Structure formats: C-alpha cells, structure tokens
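Just below is one structure, and these are the notes that go with it.
Protein chains: 2
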Amino acid sequence: MGSIATPALPDGLAARQAARDNAILSTSGVAPGYLQANLIVLPSRYASDFRLLCKRNPVPCPLLAESVDVGSFDNLKSWIDGVAGDSVARGIDIRKDAPRFMVYKDGQLVKSKCEDVVGEWTEDHVAFLIGCSYSFETALAEAGLPPRHMVLGRVVPMYRTNIRLCPAGAFTGGTYVVSMRPYKKADIEKVRDVTRPYVTTHGEPVAWGWDAVKALGIDNVNKVNWGEPPVTENGEPLTHGDEDNVPVFFGCGVTPQEAVMRANLSGTIMGHAPGHMIVLDVMDEDVIQKS
Amino acid sequence: MGSIATPALPDGLAARQAARDNAILSTSGVAPGYLQANLIVLPSRYASDFRLLCKRNPVPCPLLAESVDVGSFDNLKSWIDGVAGDSVARGIDIRKDAPRFMVYKDGQLVKSKCEDVVGEWTEDHVAFLIGCSYSFETALAEAGLPPRHMVLGRVVPMYRTNIRLCPAGAFTGGTYVVSMRPYKKADIEKVRDVTRPYVTTHGEPVAWGWDAVKALGIDNVNKVNWGEPPVTENGEPLTHGDEDNVPVFFGCGVTPQEAVMRANLSGTIMGHAPGHMIVLDVMDEDVIQKS
Numbered sequence: 003m004g005s006i007a008t009p010a011l012p013d014g015l016a017a018r019q020a021a022r023d024n025a026i027l028s029t030s031g032v033a034p035g036y037l038q039a040n041l042i043v044l045p046s047r048y049a050s051d052f053r054l055l056c057k058r059n060p061v062p063c064p065l066l067a068e069s070v071d072v073g074s075f076d077n078l079k080s081w082i083d084g085v086a087g088d089s090v091a092r093g094i095d096i097r098k099d100a101p102r103f104m105v106y107k108d109g110q111l112v113k114s115k116c117e118d119v120v121g122e123w124t125e126d127h128v129a130f131l132i133g134c135s136y137s138f139e140t141a142l143a144e145a146g147l148p149p150r151h152m153v154l155g156r157v158v159p160m161y162r163t164n165i166r167l168c169p170a171g172a173f174t175g176g177t178y179v180v181s182m183r184p185y186k187k188a189d190i191e192k193v194r195d196v197t198r199p200y201v202t203t204h205g206e207p208v209a210w211g212w213d214a215v216k217a218l219g220i221d222n223v224n225k226v227n228w229g230e231p232p233v234t235e236n237g238e239p240l241t242h243g244d245e246d247n248v249p250v251f252f253g254c255g256v257t258p259q260e261a262v263m264r265a266n267l268s269g270t271i272m273g274h275a276p277g278h279m280i281v282l283d284v285m286d287e288d289v290i291q292k293s
Numbered sequence: 003m004g005s006i007a008t009p010a011l012p013d014g015l016a017a018r019q020a021a022r023d024n025a026i027l028s029t030s031g032v033a034p035g036y037l038q039a040n041l042i043v044l045p046s047r048y049a050s051d052f053r054l055l056c057k058r059n060p061v062p063c064p065l066l067a068e069s070v071d072v073g074s075f076d077n078l079k080s081w082i083d084g085v086a087g088d089s090v091a092r093g094i095d096i097r098k099d100a101p102r103f104m105v106y107k108d109g110q111l112v113k114s115k116c117e118d119v120v121g122e123w124t125e126d127h128v129a130f131l132i133g134c135s136y137s138f139e140t141a142l143a144e145a146g147l148p149p150r151h152m153v154l155g156r157v158v159p160m161y162r163t164n165i166r167l168c169p170a171g172a173f174t175g176g177t178y179v180v181s182m183r184p185y186k187k188a189d190i191e192k193v194r195d196v197t198r199p200y201v202t203t204h205g206e207p208v209a210w211g212w213d214a215v216k217a218l219g220i221d222n223v224n225k226v227n228w229g230e231p232p233v234t235e236n237g238e239p240l241t242h243g244d245e246d247n248v249p250v251f252f253g254c255g256v257t258p259q260e261a262v263m264r265a266n267l268s269g270t271i272m273g274h275a276p277g278h279m280i281v282l283d284v285m286d287e288d289v290i291q292k293s
C-alpha cells in the first residue's frame, strides 16, 4: 500500500514520532508489543452517545481512551483498567500522530490520507481511541497459530453482519463488522483460549464454523466488504464445509466507524486512514486480563 | 404470585432482613429507589468465563458485584463505578437474602422457591449479582411514562430473540432475552432518553417498532416465553402496526440465566426465584450515568 517501507521502531513513542514526521505509513508490525488504536474524532455534541455506544458494545468497540476534555488533543482520559490517562501515550498530539488521516464533513469524505488534521481540529472536538486486533494476532502467531493473512502478507477479510449493535442515542441501526481468520477445525478452541484475555482488543471470536457464515448474514465468505478475500494456504478461495479452513469471526474496529457513518452526523469528523493507526505506550501485557 | 402481601420497607437493609426472615416474597415495589439484583451462583471453575460473558454483553448482563473470593457469601467485590464493595450490601448473606431461591444440580432443577441455600452453598461457590429493570421502570413512571404491566399489575412480557450474545469460554450459543413495554410511537424517543442513563440496569432499549418484532426473531408478540402477554390499555392483545402500542424491547436479566442453563454446567448452581430479588444498599441515583 505505502511506498515508504515500515522501519522497525522500538516503542510507541518512536512510532508516534515517526508518524508525526510522516516517516511511516502503515503501522502493521511497527513497534511490536505496543497497542495500536483506531481513532475517531467527533463534535462534542455526539461524544456522550458515542462513549455509550462503545460501553454497550465493548467487543466490537473496545474504548481505550478519549480526550480528557472537549478540545483536548494532547491529554487523554484512560478507559483501560489500571492504566492512568497520562500513561496511555505520553506527549501525544492526536492531530498529527496517526501516519495518515481521513476527514469527513456532513457525511462526505473531504480529505483522504492527509498527513495531519491540525487545520480541521477545533476546540469542540473529542477524540476516541479504540482497540484493534493487532495485539491478539501477535499472540496467535506466538502460539503457533499465525493468522493466514499475516503469513501471506494480505489484508484481513472483513464483512458486514446482521448482528445488531445495542443502540445509543444518535447511533441506531448499526450492526457488527467482523474480521475473519480461517483455522483448522481442531484448532478453534485453542484460538479461543489464546485470544480470550485480550478483552480490550476484541478478545475471543464472536462466532465460528461454516454454519456461522449464513447465520451472520454473510452471503459469500469469499466476497469481502473490506480487506482482501480469504484464501487457503495455497492461495485458493475457501470452499464451504472445508474443515481445514473453517471461518472464525472476530469483532472488528471498523464497527464503530460504520456506526458513525451510518448516523449521518453533521459537522467535521476525523479518523485514522485504514491501517494507519496511532501506536500507544501501553503494551499488550498491560491489558490482557488475568482470569 | 405470593400469599404474603409486600410491606413497604425503608431501605435495602430492611428488605434483606425481611427476606432473611422469610417475611416477604416478591420484591417488586419493596424499598423504592434501592437497586435490586438478579443472583447467579456458580462453581468456581465457571466464574471467570461467566464474568467475561457479562463484560462482553453488558446490556443484557450488567454485572453489579460478585463474591470477593471463592466461597464468600458475605463479602462482595463491586463492579459499579464509584461504589466500594462494602457499600453494595452491608452485612449481606447471599445464602439467605433473597426471599426465595432455585437450586439446579447438573442442569436439573432440584429445589424450587426454597427459603435459603445454606445447605447447598459450598466453599467452591461464587455469587454474581446482576442489574434488573426495576430502576428504570421507576424512572419511566416518574417521567409520566409508566410501563403498561406496572399500571395493570401484570408481569412484564419477555421473549427469546435471535440477537447473539458474544460467547465467553463455556458460555456459547446464547441469545438475548428481552423484556417488552408497549408505548405510543410519539413517546419512544422520550422513553429512550429517560432510560439511557441506567447503564448498570440494561439502559435504553435495544430495539423498537413493529418491524423489530420479526427482526428479533419473535414469531408473535402476543406469545411470550416468560411473564404475561402484553396488552393494550383496555387489556386486549396487541395488533400489528398499532402506533399507540408499539413494542419497545429492553435487555433482560433472564439472559444470563438462560446462558447458564444452555451451557449445561455440571455441579450445583443457584439463583433467586423469579421476582424474588436481592435488594441492595445502592440507590438508583448512585448508578445513573451523568453524561
């Protein structure tokens, strides 16, 4: 996607600095072990409804942190158990610290992949940081269960589903977006076990099995709504019923973005460009749940 | 339902004492303003999965508190923001403080509406207290929107739906149970606004409108799975499309009970008898969310 190769960076701070300097694009694989976050910035009148949407739907919308006050782009309130606001991302400037941004005005995309949103940010904006699946993907790889798309250098398949979000104020009618990683049938319980502690980054799968495809309202698992189509180890499309490539569906951070788009909000809304996340100071080990 | 009339009691402590003395049955209307809780008691090996089920599905399964340690029946850990464990229910004895209990062994009901579970409780049990809808019903009544079943002295209609719970460990395949309160179409936004702050007690509706009935997989809104069928102001069954009696569906505390039953757990499981809740020291005003 990017023309700038992603360098290895030691930590979240270095990754944010590189993003601020426009020295990196995709954050996939940057600063391993550090949490990456989806960004959504809304006018303050929608903030309490959006916060509630996340709280009511924590699996697809795991809220990590938000602006400590309306208009704050450099100070966060943490929603992560045991992590203080100033430990989430020291010295952050939300307007600059994703490698690329998207800007929407009254529901229309007005800027795509811009380098910062300094000109668009106002004193009325509130930023929300939401967990993403990179954390548990690392854990899966370490457990000997690397996601197929990682192995093959592809983008994870994502789908709209019919699973209803619990509505919250202005945010009604939304449904879960899920990401999918195919696994051998015999490995699914292990996949569930490995991902279960990652409660702030979608956690264990929401559904699995060939029956789940239709149950989630997905017409054809080989036709994705975002990302790239799923493949077998040999790069072929999946075949219904194949027990070596059983679809396993996870909550996906595109869900809250879709919910925002669907709500037809007025005013200026911003977010990170897909794959161009904000890297935090928080490490995976700081957020996994000890049962 | 009960043969003992429900006396007015001043607070949660008095209600628990009355339950312990077997002086009350249904807790509906007892100690107004005080939170009432659903009770689920599980063998400790299921505790972390059940806690996670609640955390992943907070709208139907709002976890208020649990045993502070395995085996604790008189000390709670609070999951309510800003409420300490020892402020949830001072001097509680979970084994005695619901007016009536149910006991299941290896999935079979072995005792119905017994007065206590002192003989069944073991050092391996963990108790969970889960929010119920009484709180927001009071708020609706005070806002001039009393739920129909309250006005007519009936039990709220409840239904199984096709809304999937996010699975958690042993708890898979569950779906939302919803309660339903019919309202005039023009009042629904006000009903949403009044119930929205009650985040620990199911909060705002999960769905509404005549279209929602079929979308939730409910065959016939006049046929309930629990409670009593819904009625118009005149006591008639509802008519599809009637804009004076539009179904409004809320998360329901029967959801976690159903999920537990569905999971086919081994060992001894206990709960309160339906309608015979544990009344807490926490007041509605302590838990409503200030946005």
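Residue numbers (the numbering used here), protein chains in the order written: chain L, 3 to 293; chain W, 3 to 293.
The C-beta atom is built at its ideal place from N, Cα and C for all residues, glycine as well.
All of these numbers come straight from a predicted model, not from anything done at the bench.
Between residue i and residue j, is the Cβ-Cβ spacing less than 8 Å?
{"i": "residue 66 (chain W)", "j": "residue 14 (chain W)", "result": "no"}
{"i": "residue 227 (chain L)", "j": "residue 239 (chain L)", "result": "no"}
{"i": "residue 184 (chain L)", "j": "residue 194 (chain L)", "result": "no"}
{"i": "residue 60 (chain W)", "j": "residue 150 (chain L)", "result": "no"}
{"i": "residue 251 (chain W)", "j": "residue 152 (chain W)", "result": "no"}
{"i": "residue 289 (chain W)", "j": "residue 82 (chain W)", "result": "yes"}
{"i": "residue 37 (chain W)", "j": "residue 137 (chain W)", "result": "yes"}
{"i": "residue 205 (chain W)", "j": "residue 264 (chain W)", "result": "no"}
{"i": "residue 253 (chain L)", "j": "residue 178 (chain L)", "result": "yes"}
{"i": "residue 64 (chain W)", "j": "residue 203 (chain W)", "result": "yes"}
{"i": "residue 75 (chain W)", "j": "residue 173 (chain W)", "result": "no"}
{"i": "residue 277 (chain L)", "j": "residue 114 (chain L)", "result": "no"}
{"i": "residue 21 (chain W)", "j": "residue 100 (chain W)", "result": "yes"}
{"i": "residue 272 (chain L)", "j": "residue 43 (chain L)", "result": "yes"}
{"i": "residue 160 (chain L)", "j": "residue 180 (chain L)", "result": "yes"}
{"i": "residue 111 (chain W)", "j": "residue 261 (chain W)", "result": "no"}
Along the chain, where does the beta strand (DSSP E) that runs through residue i open and close?
{"i": "residue 45 (chain L)", "result": "36-45"}
{"i": "residue 181 (chain L)", "result": "177-185"}
{"i": "residue 141 (chain L)", "result": "Unbroken run through residue 141 (chain L) is the alpha helix (DSSP H), 136-144; no beta strand (DSSP E)."}
{"i": "residue 67 (chain L)", "result": "65-69"}
{"i": "residue 129 (chain L)", "result": "127-133"}
{"i": "residue 289 (chain L)", "result": "Looking at the DSSP string, residue 289 (chain L) is not in any beta strand (DSSP E); the run it does join, the alpha helix (DSSP H), is 286-289."}
{"i": "residue 309 (chain W)", "result": "The question about residue 309 (chain W) has no answer here: the residues shown for chain W are numbered 3 through 293."}
{"i": "residue 98 (chain W)", "result": "Residue 98 (chain W) -> no beta strand (DSSP E), and no H or E assigned at all."}
Within the 8 Å Cβ cut-off, does residue i reach chain L?
{"i": "residue 198 (chain W)", "result": "yes"}
{"i": "residue 74 (chain W)", "result": "no"}
{"i": "residue 6 (chain W)", "result": "With a pLDDT of 48 at residue 6 (chain W), under the threshold of 50, the modelled position of that residue is not reliable, and the figure given next carries that caveat. False, the Cβ-Cβ gap to chain L never drops below 8 Å."}
{"i": "residue 68 (chain W)", "result": "no"}
Where does the unbroken alpha helix (DSSP H) through residue i begin, and where does it stop?
{"i": "residue 257 (chain W)", "result": "256-264"}
{"i": "residue 103 (chain W)", "result": "Premise fails: residue 103 (chain W) lies in the beta strand (DSSP E), 103-107, not in any alpha helix (DSSP H)."}
{"i": "residue 55 (chain W)", "result": "49-58"}
{"i": "residue 151 (chain L)", "result": "150-153"}
{"i": "residue 198 (chain W)", "result": "Neither: residue 198 (chain W) is in no alpha helix (DSSP H) and is coded neither H nor E."}
{"i": "residue 14 (chain L)", "result": "14-22"}
{"i": "residue 213 (chain L)", "result": "212-217"}
Determine the chain W residues that contact residue i at a beta-carbon separation under 7 Å, and present them in chain order.
{"i": "residue 168 (chain L)", "result": "61 and 208"}
Within 8 Å (strictly less), CB to CB, does residue i reach chain W?
{"i": "residue 211 (chain L)", "result": "no"}
{"i": "residue 3 (chain L)", "result": "Note on residue 3 (chain L): pLDDT 39, under 50, position unreliable in the model; no value is reported."}
{"i": "residue 205 (chain L)", "result": "yes"}
Using a Cβ cut-off of 8 Å, pull out every chain L residue sitting near residue i, in sequence order please.
{"i": "residue 57 (chain W)", "result": "60 and 201"}
Taking 8 Å as the CB-CB cut-off, is residue i touching chain C?
{"i": "residue 193 (chain L)", "result": "Of the protein chains in this structure, namely L and W, none is chain C."}
For the region 163-197 of chain L, which residues have a beta carbon sitting closer than 8 Å to at least one beta carbon of chain W? 165, 166, 168, 169, 170, 171 and 194
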